[in-house]
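Peer 1: Protein chains in written order, with our numbering: chain A, 672 to 1441; chain B, 672 to 1441.
Next up is a structure, given as structure tokens.
Number of protein chains: 2
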Amino acid sequence: MIETATLPTIPNSPGVASVLPFLYIAWADGLLTPTQIELIKTQIKAQDWLSKEERVQLCGWLDPTNPPDATTYYRWVRAIKEAARDIPDVSNLPLAELGHRMAGIANVGGSTEEATRALHDIEAELGIVGHEAVRELVVQRPETDVRDEVEQVDVESVKSVLDGRLASLRDRLRTLLSDPAFTYPDTETPKDEMREIVLGWTQLLANQGIGALAYPKYAGGKGDIEQFIASFEMIAYHDLNLAIKFGVQFGLFGGSIRALGSNEQKRKYLPDAGSLALPGCFAMTELGHGSNVRDLKTTATYDLSAKEFVVQTPTEHDHKEWIGNAAKHGRMATVFAQLVIGEQSYGVHAFLVPLRDDQGIPMPGIRIADSGHKLGLNGIDNGRIWFDDVRIPRDNLLARFAQVSADGTYSSPIPSSSRRFFTMLGTLVGGRIAVASGGLSAAKSALTIAVRYGAKRRQFGPSDRPEVPILDYLSHQRRLLPHVATCYALNFALHDLAQRYGQTPEGGDLRQIEAEAAALKAMSTAHATASIQESREACGGEGYRAENRFAHLKADSDIFTTFEGDNTVLLLQAAKSLMSGYQQEFSNLDFFGLLGKLGEQVDFRLGGVNPIKRHQSSTRHLLDPELHAELFQDRERDLLISASRRLKGRIDDGMDSFDAFIDVQDHLLTLANAYAQRLVLQSFQAAVDVIEDVTVSDLMGKVCALFALWQVEKDRGWFLEQHYIDAAKAKAIRAEVNTLLRELRVYAVGLVDAFGIPDELLAAPIAVRG
Amino acid sequence: MIETATLPTIPNSPGVASVLPFLYIAWADGLLTPTQIELIKTQIKAQDWLSKEERVQLCGWLDPTNPPDATTYYRWVRAIKEAARDIPDVSNLPLAELGHRMAGIANVGGSTEEATRALHDIEAELGIVGHEAVRELVVQRPETDVRDEVEQVDVESVKSVLDGRLASLRDRLRTLLSDPAFTYPDTETPKDEMREIVLGWTQLLANQGIGALAYPKYAGGKGDIEQFIASFEMIAYHDLNLAIKFGVQFGLFGGSIRALGSNEQKRKYLPDAGSLALPGCFAMTELGHGSNVRDLKTTATYDLSAKEFVVQTPTEHDHKEWIGNAAKHGRMATVFAQLVIGEQSYGVHAFLVPLRDDQGIPMPGIRIADSGHKLGLNGIDNGRIWFDDVRIPRDNLLARFAQVSADGTYSSPIPSSSRRFFTMLGTLVGGRIAVASGGLSAAKSALTIAVRYGAKRRQFGPSDRPEVPILDYLSHQRRLLPHVATCYALNFALHDLAQRYGQTPEGGDLRQIEAEAAALKAMSTAHATASIQESREACGGEGYRAENRFAHLKADSDIFTTFEGDNTVLLLQAAKSLMSGYQQEFSNLDFFGLLGKLGEQVDFRLGGVNPIKRHQSSTRHLLDPELHAELFQDRERDLLISASRRLKGRIDDGMDSFDAFIDVQDHLLTLANAYAQRLVLQSFQAAVDVIEDVTVSDLMGKVCALFALWQVEKDRGWFLEQHYIDAAKAKAIRAEVNTLLRELRVYAVGLVDAFGIPDELLAAPIAVRG
């Protein structure tokens, strides 16, 4: 029981009552400057309808250097609040009118009309929004919601558009991963324990035949790499450790045998790889050779007398590094090494090297160290491997692209060691598409959490309404919704790419798919990093709580921009591919074979930009998909030609092609990003075109327009520089983006619901007060 | 011992020998397209100087559908390599010339002149850079460095410029934090253990008097908040957990007593706060009230009979959240609550509330829960606190800005509850400056690691030189060096701000400092997040290793963009402050008092942009600091006026000021960012102006120019839209940025060395091969 104290009441002077709202405003919230307070004082002194005593008292309360005491102030506040109870529609009154009414209640005599006019004059001179000040004071802000501006989205229809032709496989994985067997462990689970949990989950996936999907039937699979990539994408909704463990075992280790092995080797190893009976590694990266794999140092030398390969790590620093499955679980590894026969090196080849025996003891000559604690993905047992005089049978050379006969004769369907190497790497491009898709899933998870939170979490608001959901803020919409639109765009582009990759016949030309995969992997994983970060920040402190997933999403996805190809290197390679019309082998960064093709690009004449179109900025025009396609295509073509010119000019002037390449790298990166965005827009627009349901198609069209215009807004510096748009159009585009954001705001929750991420995988929904 | 196999040698035909380089190039590396191979074949068929047999054999090797076998290919390679040994200056020869010499070695007869001319023609038509192809083949790439393009930077001089007037304090902390007592624990140290280690470190700092620096002498301090902030900045080089623990105890808990307490309260509590004898908390944030503190829910009601305040958490969801020191170590808390006397609420006030007794048992009515595992900062014991009928003495109201007498009479030097609240918050602005400075330290740590790594790590390169350090890549320079320049810029701006804050007399107007602190805190912490991410990615996989610091830097700094004010909210507040000419109280997001000031802004006439200047793009002009200052100032002023117009237009049309505010948020954020950048550039330029050493001054001038032009390049869309620059100038600016990057490349390591981060605090330097 708390005993209360009360405030003394205010003297019942009608003149004072009519000026009270101004007294309040003078001292409240720093609304008025000292000069403005003086202004009120001067006005009051001149009011004849106030008595002399009233004027003296009022002016005493309007001395900027000597504020009234707190008790007096609170008496005004109470008097206004009490009077307001009896005044209808009080929250829409100007200050002067409120004062007038209060004076009436206080039973004022004298010229109220004169008084009111004077008060109105004062209010106008102060230049404040009086009725909002009144509202702030007298209206109790409601706690509960008064409006719920959410439009229903046909979530199932949108989801089926996103899921595409593999919808049933995706749903199967959603159900599987929601099973209690996949319940997340405590967020503080130590590394060693986490590794075993992730291994257990991987075994469950293997038991369901998910790991073997890309393998032939005899290995329990369906020979369908597209399904394998789709599975990886869904698994990434659950846990990125699991996705990577799954990818290492079935995609990299098993996948290398699938892509590089002879039929005999596939029959021998793939069933055990797919069932996880043979846990394996993909040992390519060395400490000094991540991006430049062609120059890696490990050797496999053919010993003619023993008919064996001898695998050797030349120096202490040339060990294999960051090899998944190596520190603990791997029994065998696909090891990439320079094949040497006699004095001749034949370039990088892949060899199957047993790592551990059945008891898990490393084989003779093999030394393994734990890569240790990492920024993320601590459920993966990355390790370092050194080979010292490790002997393996001649049959362990993966034999699809090269064989060594017993007498040491080398043969290959591809004569050039470089071309052979790039062809071998090309067959592994599925891993890159998978990583791009997994990054996209991580982004979708983060945005789902953040958009749902933003629709519930309230902070600040106008005085007479509840605090507003923070997703009502334009600033919040700008930080989240374009990323949601980009998820949609990438979703279609990556599904397209996986499908075309899956449909490429064995031995078919993969160079264009490689270039696209490189560009999209870079775009998707950079987008993941950016949108997970935005989402965490958009959830404020609650986003920092480990159980809310951002900790894992951030840490575990961070390396996606680096592995399966460093994003910067990939973009440079994609640019090179583009400049050669996809004729160049991928993965190398020399340019000396490019000149001929560059000449063709340079000779291409750019058409002028239509000056009317440059200025056109009606909503209809700005939302036209053809405009978006055109801007994206023009940008890419223009950048391709200008980059070719700059590169060729330097080489013609005698610059080494590598130095010339370095000199124009900023240009090449811009080109590659424009290329990625064009690919993605193209897929998104094509997907929208075939939607039959008009409501869904309209909504998707808007999301696609948001993606396109947002990119143009971000890159408007370039479009302005090249005169594709003028200043007025640039501003109109920004305004149109804002309009789209406001329109899509009400669909936002539905748009992320349509990603179809099971609640179990989003873990604890973020707490919101009340 | 490995027994070797050998390759059969190639037939010694001079005609074939002369064409060998072309055969090699046709099949190597995918350099030629099938069409180009056909071209060679056609040419060869026409060469009379070749015998018919030679032509048949050569054409057989030039069938795109039927490549030569691998053995043949390797024989060519070996033949070229062997011949090359006897040819001087072989690596600069065109293919044709190489062929000619090889034929000579093979003792060719016939018309070598005709042959050579024909080969030259073929080479020209192929459009490849022949001598580079030769070099790639015959030159063994050297492993060790042949050039070491690093310029000496006078690191000590630059460091002393950066350290400024508190250099000796900074050096003292560098020495202290390098002491073995501050050695990092294992990166996998569990949360509970880490909390105790961090507490121990904090005690060591307290023992040195560092925690009390801002307190009066009687509390062991120097009354110097600038020194306190500088210490925080240095501690953040060591560990962000320690910095935050230090900040919570001495800055927030002790600092709230220092800023809000009466002299008596300071004497009573500050000595124990500064020595860590009394570990404390700063309990402001509630689950539902992070940014909007003024509306928080906890109440402190005065009980007249008991002469006590009763602290109460109204509902389960109104608990204090994320309170540092609460879960484990805190004994007392500064609790922010709505003060209620009788029926009247007087707004938010701060109260000292004992949390635990000497044994660490929570006091009656206090319930504490651990906030649990977080994304980062797991060395901080964040907790939740609920108060149920918790009674504290009347004296525990922090009494500088408000007192309650025994009979329940409230008094305050500031009558308005809002203004009082904002004034109270204003006194705590030091925390915001400290967090901005700590974020900057984290960015400097990350960039130091990444730049040093980039200067050592090599990958790819021209064929005749060692692989190049990745910092030689323009793309790598663009990702790191502008961030280094931004660190320099922020360094000067934050030191300036801390100094001016420290020099503000007690009771002085802090509104401009608050606005600057908000803008710089947002800029510095966003920059930290971005540059730590860039740095991690720039170190590739090695950046992912936990011991290389990025794991901690990323995770622990992540929340810096949220706490001490959410960055978006801070930027909006700073924009509001600017629009009111710093006359508005900070921290609130209503705008209804702003109209008068908006009117002034709107009436301001913009001068036209000089069309000559818009186009001017000489290097001298582009590097002129006056140009930079002008562009930054013009942008801020222009955005201020246009934002004011848009806001006023909406309010004049009858829109609620809050809705109008939401409607122009993108504009306000742009304004606030422009404001922050102008402040930072101004400080940086002023700092460069007073450097006496010409070499240092020149170097700093370039770093400053890089910062300025980089920002203009990034924001060139805006500058183009508003016609401050034209397209040609925009392109010239980008070119100038690239030139500056190339120039500064050789100073890069020196520039980060000058941050002066002790090696001990950078932990393990990243491994580089060899």
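C-beta atoms are modelled at their ideal positions from N, C-alpha and C, and glycine is treated no differently.
According to DSSP, what are the bridge partners of TRP1057(A)?
Peer 2: Bridge partners of TRP1057(A): ARG1038(A).
Peer 1: Taking Cβ to Cβ, would you say LEU808(B) is nearer than 8 angstroms to VAL869(B)?
Peer 2: Contact: no.
Peer 1: So, is the C-beta of ARG1317(B) closer than 8 angstroms to a C-beta in chain A?
Peer 2: No, its Cβ sits nowhere closer than 8 angstroms to a Cβ of chain A.
Peer 1: Counting only C-beta atoms, is ALA1245(B) closer than 8 angstroms to chain A at any point?
Peer 2: False, the Cβ-Cβ gap to chain A never drops below 8 angstroms.
Peer 1: Measuring only the C-alpha atoms, how far is LEU797(B) from GLN707(B)?
Peer 2: Answer to the nearest angstrom: the Cα atoms are 7 angstroms apart.
Peer 1: So, are the CB atoms of ARG1038(A) and ARG1002(A) less than 8 angstroms apart?
Peer 2: Against a cut-off of 8 angstroms, the Cβ pair of ARG1002(A) and ARG1038(A) comes out as no contact.
Peer 1: For ILE1333(B) and SER1328(A), I'd like the C-alpha separation in whole angstroms.
Peer 2: Rounded to the nearest angstrom, the two C-alpha atoms are 52 angstroms apart.
Peer 1: Short check: CB of GLY892(A) to CB of LEU884(A), under 8 angstroms?
Peer 2: In contact: GLY892(A) and LEU884(A) (Cβ atoms closer than 8 angstroms).
Peer 1: Should GLY1047(B) go down as buried or exposed, given a rule of 16 or more other Cβ atoms within 10 Å for buried?
Peer 2: GLY1047(B) should be labelled buried.
Peer 1: If distances are taken between C-alpha atoms only, which option among ILE1283(B), ILE1322(B), TYR1346(B) comes closest to ARG1308(B)?
Peer 2: Answer by Cα proximity: TYR1346(B).
Peer 1: Measure the C-alpha to C-alpha separation of VAL1361(B) and LEU923(A) and round it to an integer number of angstroms.
Peer 2: Their Cα atoms are separated by approximately 59 angstroms.
Peer 1: Pull the bridge partners of ILE1085(B) from the DSSP assignment, please.
Peer 2: ILE1085(B) pairs with nothing; no bridge assigned.
Peer 1: Which chain A residues are close to TYR1346(B), counting only those with a beta carbon under 9 angstroms from its beta carbon?
Peer 2: The contacting residues do not exist; TYR1346(B) stays about 16 angstroms from chain A at best.
Peer 1: Given that a residue counts as buried once 16 or more other Cβ atoms are within 10 Å of its Cβ, and exposed if not, what is VAL727(B)?
Peer 2: By the neighbour-count rule (16 or more Cβ atoms within 10 Å), VAL727(B) is not buried but exposed.
Peer 1: Which chain A residues are close to TYR855(B), counting only those with a beta carbon under 7 angstroms from its beta carbon?
Peer 2: None at all; the shortest Cβ gap to chain A is about 12 angstroms.
Peer 1: Which of the three DSSP states, helix, strand or coil, is assigned to LYS991(A)?
Peer 2: In the structure shown, LYS991(A) sits in a strand (DSSP, three-state: E or B).
Peer 1: What's the call for ARG756(A), buried or exposed, on a 16-neighbour Cβ count within 10 Å?
Peer 2: It counts as exposed.
Peer 1: What residues in its chain sit with their C-beta under 6 angstroms from that of GLY1441(A), if we drop five residues either side in the sequence?
Peer 2: Caution is warranted here: a pLDDT of 49 is assigned to GLY1441(A), below 50, making its placement in the model unreliable, and the coordinate value is therefore given only provisionally. Closer than 6 angstroms at Cβ, skipping near neighbours: no residue.
Peer 1: Expressed to the nearest angstrom, what Euclidean distance is found between the alpha-carbon atoms of LEU837(A) and LEU1142(A)?
Peer 2: Their backbone Cα atoms lie some 33 angstroms apart in a straight line.
Peer 1: Give a yes or no on whether 8 angstroms exceeds the smallest Cβ distance from ILE708(A) to chain B.
Peer 2: No, ILE708(A) lies away from the interface with chain B (no Cβ there is under 8 angstroms from its Cβ).
Peer 1: For the ligand NAD, I want to know if ARG1062(A) counts as a neighbour, meaning its beta carbon is within less than 7 angstroms of at least one of the ligand's heavy atoms.
Peer 2: As presented, the structure is devoid of all ligands, the ligand NAD included, so that no description of it is given.
Peer 1: If ILE1063(A) and TYR1172(A) are in contact, beta carbons under 8 angstroms, what's the gap, nearest whole angstrom?
Peer 2: So it is not a contact: roughly 31 angstroms between Cβ atoms.
Peer 1: Distance, Cα to Cα, ILE1428(A) vs GLY995(B)?
Peer 2: Cα to Cα, ILE1428(A) sits roughly 34 angstroms from GLY995(B).
Peer 1: Just reading off the beta strand (DSSP E) that PRO1025(B) is part of, what are its end residues?
Peer 2: Unbroken beta strand (DSSP E) run through PRO1025(B): 1015-1025.
Peer 1: Between the region 1114-1125 of chain A and the region 945-965 of chain A, do three or more beta carbon pairs fall short of 8 angstroms?
Peer 2: Judged by Cβ distances under 8 angstroms, the region 1114-1125 of chain A makes no contact with the region 945-965 of chain A, as fewer than three pairs qualify.
Peer 1: With a threshold of 16 other CB atoms inside 10 Å of the CB of SER1289(B), please say whether the residue is buried or exposed.
Peer 2: Exposed, since its Cβ has fewer than 16 Cβ neighbours within 10 Å.
Peer 1: Are any of the Cβ atoms in chain A nearer than 8 angstroms to that of SER1333(B)?
Peer 2: The residue asked about is misnamed: residue 1333(B) is Ile in this sequence, not Ser. For ILE1333(B), the answer is yes, since a Cβ of chain A falls inside 8 angstroms of its Cβ.
Peer 1: Quick one: using the 10 Å Cβ neighbour count with 16 as the cut-off for buried, is LYS752(B) buried or exposed?
Peer 2: LYS752(B) is exposed by the Cβ-count criterion.
Peer 1: Of the residues PRO1086(B), ARG812(B), GLY1036(B), GLY1043(B), which one's Cα is nearest the Cα of PRO735(A)?
Peer 2: The option with the nearest alpha carbon to PRO735(A) is PRO1086(B).
Peer 1: Under a CB-based cut-off of 8 angstroms, is TRP1057(B) close to chain A?
Peer 2: False, the Cβ-Cβ gap to chain A never drops below 8 angstroms.
Peer 1: Against GLY1132(B), what residues of chain A qualify as contacts under a CB-to-CB distance less than 7 angstroms, listed in chain order?
Peer 2: Per Cβ cutoff of 7 angstroms: PHE1329.
Peer 1: Listing by chain order, which chain A residues have their CB less than 9 angstroms from the CB of HIS1394(B)?
Peer 2: The contacting residues are ALA1398.
Peer 1: Looking at chain A, is there any beta carbon in it that lies within less than 8 angstroms of the beta carbon of TRP872(B)?
Peer 2: Not closer than 8 angstroms to any Cβ of chain A, the Cβ of TRP872(B) fails to qualify, so no.
Peer 1: Between LEU931(B) and LEU1152(B), which are expected to be in contact by the criterion C-beta below 8 angstroms, what is the C-beta distance as a whole number of angstroms?
Peer 2: Rounded, the Cβ-Cβ distance is 44 angstroms, inconsistent with contact.
Peer 1: Three Cβ pairs or more, each shorter than 8 angstroms: is that satisfied between the region 1291-1304 of chain B and the region 1377-1384 of chain B?
Peer 2: Short answer: they touch.
Peer 1: Measure the C-alpha to C-alpha separation of GLY1279(A) and PRO1296(A) and round it to an integer number of angstroms.
Peer 2: Each residue's Cα considered, the two are about 21 angstroms apart.
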